[in-house]
Amino acid sequence: MTDPNGPMYYNGIYHLFYQYNPKGAVWGNIVWAHSVSKDLINWKKVEHAIFPSKPFDKYGCWSGSATVLPGNKPVIMYTGIIDENRTQVQNYAIPANLSDPYLRVWIKPDNNPLVKADKSINETSFRDPTTAWLGRDGNWRISIGGRRKHRGIAYLYRSRDFLHWVKAKHPLHSVAGTGNWECPDFFPVSVQGTNGLDTSVMGQNVKHVLKVSLDVTRYEYYTLGKYDTRKDRYIPDKDMVDGWKGLRYDYGNFYASKSFFDPAKNRRILWGWANESDAVIDDVRKGWAGIQLIPRTIVLDPNGKQLLQWPIEELKALRGKRVEVIDKKVEKGERIEIKGITAAQADVEVIFTFESLDKAETFDPSWDRYDAQKLCSQKGSTVQGGVGPFGLLTLATENLEEYTPVFFRIFKDQDKNLVLLCSDASRSSSYNETGTYRPSFAGFVDVDLSHKKLSLRSLIDHSVVESFGARGKTCITSRVYPTLAIYDNAHLYAFNNGTETQGYVDLILKERFILASALVKRWQKVGGRWSVIWNHDGLVIAASLRSVLGSLLSDDAEAIGIAECDALQVVDLWYLPIHAQEWETCGPYTSIFCCFRPS
């Protein structure tokens with residue numbers, strides 16, 4: 001699984017399409033897989049929406065977007081690969097039956113492709129059309145990512161009828177030295193309030209966001225600015241860094257993101273993909289690769305200089321027991337375990353307070369203030385500082401053979417303070433397979449410290465840690481693969497390795513934060529008893545579950561009674577039992593719902 005594609009809300013149902021290889025846990029054979037949900041949390045996989053079948057997409061159906069046209073008619077635009085040279089064209093698909101609530105079947109009309117590259121465009125770097133927006137002149141517009149030599153480009157196309165597209169004489173925007181632009185996203189945000197805006201909204205109280213995914217660096221950046229509707233150009237604000245050193249949605253393992261406007265709750269929602277950081281052989285061995293991260297709402301920061309991101313409110317439905325630690329002091333060199341939770345799966349919110357910033361380290365002018373990741377690797381959680389490092393040790397063993405720290409460090413920078421947020425995977429696993437990537441991800445946090453407080457929220461779910469610093473000003477996602485700090489052997493600690501004592505207040509943990517999609521991926525029969533092996537899967541990959549259960553149907557179906565029902569119904573359950581003995585209370589010859597319910 002890779003890029004999220006065409007997210008939309010249609011007639012009470014959320015749809016997410018995504019790049020998917022049905023033939024293996026490696027890249028290739030790309031189709032548009034399709035899942036549906038009523039709440040953005042519990043997902044059901046339906047039939048593949050788009051797959052190679054015509055001359056205009058014979059070699060692949062790559063990324064794109066969805067637009068709901070007047071008359072409540074959804075349409076998908078996507079990139080088709082037409083030959084072995086990866087020549088790229090832009091196609092469209094429409095639902096076969098609008099009365100089907102899940103829009104299971106999509107038709108690719110024969111008048112495809114709608115857009116071909118002209119002679120000025122590199123036709124092998126011409127992909128990922130955006131959601132369309134409707135201009136005041138009645139013309140639809142889309143942007144398509146590409147490059148000219150080393151200049152990244154968001155090409156602009158216009159259409160009156162959504163079928164006949166004409167390339168504008170100038171791009172929507174371009175930047176030298178950034179390489180190929182993938183998965184562009186262009187949308188408005190409100191200057192006043194926190195409501196999201198439809199993609200076609202423009203006006204006085206609106207800023208626009210242009211996000212691009214950089215094929216060269218494999219991360220994204222965005223700018224805020226003005227959409228000049230008269231010139232049909234996007235103009236970044238003067239204080240924006242427009243290039244690979246610019247603002248990012250996420251400073252970690254996060255790519256190919258796609259947003260959409262949710263009219264049901266007047267919000268803009270962001271999807272992002274996190275690939276694996278282990279070796280390809282590990283992906284093949286476990287049978288899956290890639291996850292979709294928890295959807296996030298995005299709004300403009302009141303300071304007008306960046307976006308704020310926060311997990312969708314529906315995530316609260318997965319919360320279990322609430323654990324609070326109030327007004328606890330963390331002394332120099334101390335770590336305090338947070339007990340009473342399932343540390344391998346938790347939703348953690350913590351506020352750190354500090355009495356003084358006087359002991360903050362001086363930011364060395366020789367350090368690259370645009371390379372937070374390098375600074376984090378040099379100033380890790382074990383390197384003592386003044387105010388910090390302090391934060392959380394997630395997915396940790398009791399003796400810290402394995403742990404993934406998420407932490408702040410505060411510096412003095414001339415007449416202000418500079419805050420660094422790190423998520424360091426370097427000690428996350430004792431597994432030494434060649435090819436495993438364990439970086440120290442980091443980003444600076446533009447936050448007012450006058451109240452001497454910093455907040456941190458981390459979503460921990462086995463192999464992924466998503467962290468949101470200062471109410472979503474800076475976000476970092478890490479993929480980690482502990483071999484010891486798993487299940488009941490995982491611990492969570494608050495720690496302080498600075499000279500300044502930290503007080504943390506209102507530390508709240510929600511136990512058993514288990515994604516509806518964290519499905520059992522394979523089974524073992526040991527000594528006549530069934531045991532369960534867990535693997536985190538960020539989105540419902542029902543095909544994987546089906547294949548696993550299918551292998552049992554031939555030999556051992558009666559052992560757990562799965563022959564009586566559809567295995568795909570499992571996705572409707574929130575929790576799955578953790579311990580093998582919880583499975584045996586049902587007995588044989590009973591339905592899967594009984595056997596899958598927690599005790």
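Heads up, the sequence shown is in the UniProt record's numbering, so the first residue is 1 and it goes up one at a time. Beta carbons: idealized from backbone N, C-alpha and C, even for Gly.
Taking Cβ positions, are Tyr227 and Gly246 nearer each other than 8 angstroms? Against a cut-off of 8 angstroms, the Cβ pair of Gly246 and Tyr227 comes out as no contact.
How big is the Cα-Cα spacing for Trp271 and Leu484? Answer to the nearest angstrom: the Cα atoms are 30 angstroms apart.
Host alpha helix (DSSP H) of residue 600 (start-end): There is no way to answer for residue 600, as the model of the chain reaches only from 1 to 599.
Pull up the CB-CB distance for Trp244 and Ala256, whole angstroms please, since I reckon it's below 8 angstroms. So it is not a contact: roughly 16 angstroms between Cβ atoms.
Would you call Thr2 buried or exposed, if buried means 16 or more other Cβ atoms sit within 10 Å of its Cβ? Thr2 sits buried, since 16 or more C-beta atoms from the chains shown fall within 10 Å of its C-beta.
Just the Cα atoms here: how many angstroms apart are Val480 and Gln345? Their backbone Cα atoms lie some 13 angstroms apart in a straight line.
Please look up how many angstroms separate the CB atoms of Arg438 and Leu420, rounded, as I've assumed it's under 8 angstroms. About 19 angstroms separates the CB atoms of Arg438 and Leu420; that is not less than 8 angstroms, and the two are not in contact.
According to DSSP, which residues form a beta bridge with Phe126? Here Phe126 is bridged, per DSSP, to Gly146.
Ile298 - partner residues in DSSP beta bridges: According to DSSP, which records beta bridges pairwise, Ile298 is partnered with Gln309.
What is the rounded straight-line gap between the Cα of Met77 and the Cα of Ile144? Taking the straight line joining both Cα atoms gives about 10 angstroms.
Output yes or no for whether 8 angstroms exceeds the beta carbon distance between Val31 and Tyr20. Result yes, Cβ atoms of Val31 and Tyr20 sit closer than 8 angstroms.
Sufficient close CB pairs (3 or more, under 8 angstroms) joining the segment 248 to 264 to the segment 446 to 457: By the Cβ rule, the segment 248 to 264 does not count as touching the segment 446 to 457, because fewer than three pairs are nearer than 8 angstroms.
Could you check what DSSP says for Glu401 in three-state terms: helix, strand or coil? Under the three-state reduction of DSSP output, Glu401 falls in the coil class, being neither helix nor strand.
Residue nearest to Arg369 in terms of C-alpha spacing, selected from Arg148, Leu459, Arg104 and Asp413: Residue Asp413 holds the alpha-carbon nearest to the alpha-carbon of Arg369 among Arg148, Leu459, Arg104 and Asp413.
Could you compute how far the alpha carbon of Val212 sits from the alpha carbon of Asp301? So the two alpha carbons sit approximately 20 angstroms from each other.
Mind checking which residues open and close the beta strand (DSSP E) that includes Gln492? Here the sequence assigns Leu to residue 492, which means Gln is not the residue at that position. Here the beta strand (DSSP E) through Leu492 covers His491 to Asn496.
Tell me which residues share the same chain as Ser430 and place their Cβ nearer than 7 angstroms to its Cβ, disregarding the 5 neighbours each side in the sequence. In chain order, Glu401, Glu402, Thr483 and Leu484 place their CB closer than 7 angstroms to the CB of Ser430, counting only its own chain and leaving out the 5 sequence neighbours on each side.
Please classify Asp283: does DSSP put it in a helix, a strand, or coil? Helix at Asp283.
DSSP bridge partner residues for Gly225 (one or two, in chain order): Among the bridge pairs identified by DSSP, Gly225 is matched with His208 and Pro236.
According to DSSP, is Lys23 helix, strand or coil? Annotated three-state conformation of Lys23 is coil, per DSSP.
Leu103 versus Lys45, Asp198 and Val166, residue with shortest Cα-Cα distance: Of the listed residues, the one whose Cα sits closest to Leu103 is Lys45.
Is the CB-CB distance between Asn91 and Lys119 below 8 angstroms? No, these two residues do not count as a Cβ contact at 8 angstroms.
Between Leu392 and Val350, which are expected to be in contact by the criterion C-beta below 8 angstroms, what is the C-beta distance as a whole number of angstroms? Yes, they are in contact, since the Cβ atoms of Leu392 and Val350 sit about 7 angstroms apart, within 8 angstroms.
Exposed or buried, which one is Leu69 when buried takes at least 16 other CB atoms within 10 Å? Exposed, by the Cβ-count rule.
Arg86 versus Lys58: straight-line alpha-carbon distance, rounded: For Arg86 and Lys58, the distance between alpha carbons rounds to 10 angstroms.
Of the residues Arg319, Leu418, Glu466 and Phe390, the one placed nearest Pro365, counting alpha carbons only: For the options Arg319, Leu418, Glu466 and Phe390, the alpha carbon positioned closest to that of Pro365 is the one of Leu418.
Between Ile338 and Tyr157, is the Cβ-Cβ spacing less than 8 angstroms? Contact: no.
Use the C-beta contact count for residue 600: other C-beta atoms within 10 angstroms, 16 or more gives buried, fewer gives exposed. Residue 600 lies beyond the stretch modelled for the chain, which goes from 1 to 599, so this question has no answer here.
Integer-rounded CB distance, given that Lys416 should sit under 8 angstroms from Thr353: Not quite, the Cβ-Cβ distance comes to about 19 angstroms (not below 8 angstroms), so this is no contact.
Nearest by alpha-carbon distance to Ser426: which of Lys116, Ser458, His34 and Lys379 is it? It is Lys379.
Identify whether Asn11 lies in helix, strand or coil by the three-state DSSP scheme. Here Asn11 sits in coil by DSSP.
Whose C-beta lies closer than 7 angstroms to the C-beta of Leu135 among residues of the same chain, with five residues either side of it excluded? Looking at the sequence itself, residue 135 is Gly, so the reference to Leu does not match. Correct list, in chain order: Arg141 and Thr229.
Straight-line gap, Tyr234 to Ala93 (C-alpha atoms, nearest Å): Approximately 28 angstroms, taken between the alpha carbons.
Contact belief for Thr124 with Ser65 at Cβ below 8 angstroms, rounded distance in angstroms: Their Cβ separation, rounded to whole angstroms, is 20 angstroms, which puts Thr124 and Ser65 out of contact at 8 angstroms.
Distance between Ala96 and Ile50 (C-alpha atoms, nearest Å): As the crow flies, the alpha-carbon of Ile50 is around 12 angstroms from that of Ala96.
State buried or exposed for Ile281, treating a residue as buried only when at least 16 other CB atoms are found within 10 Å of its CB. Exposed: under 16 other Cβ atoms inside 10 Å.
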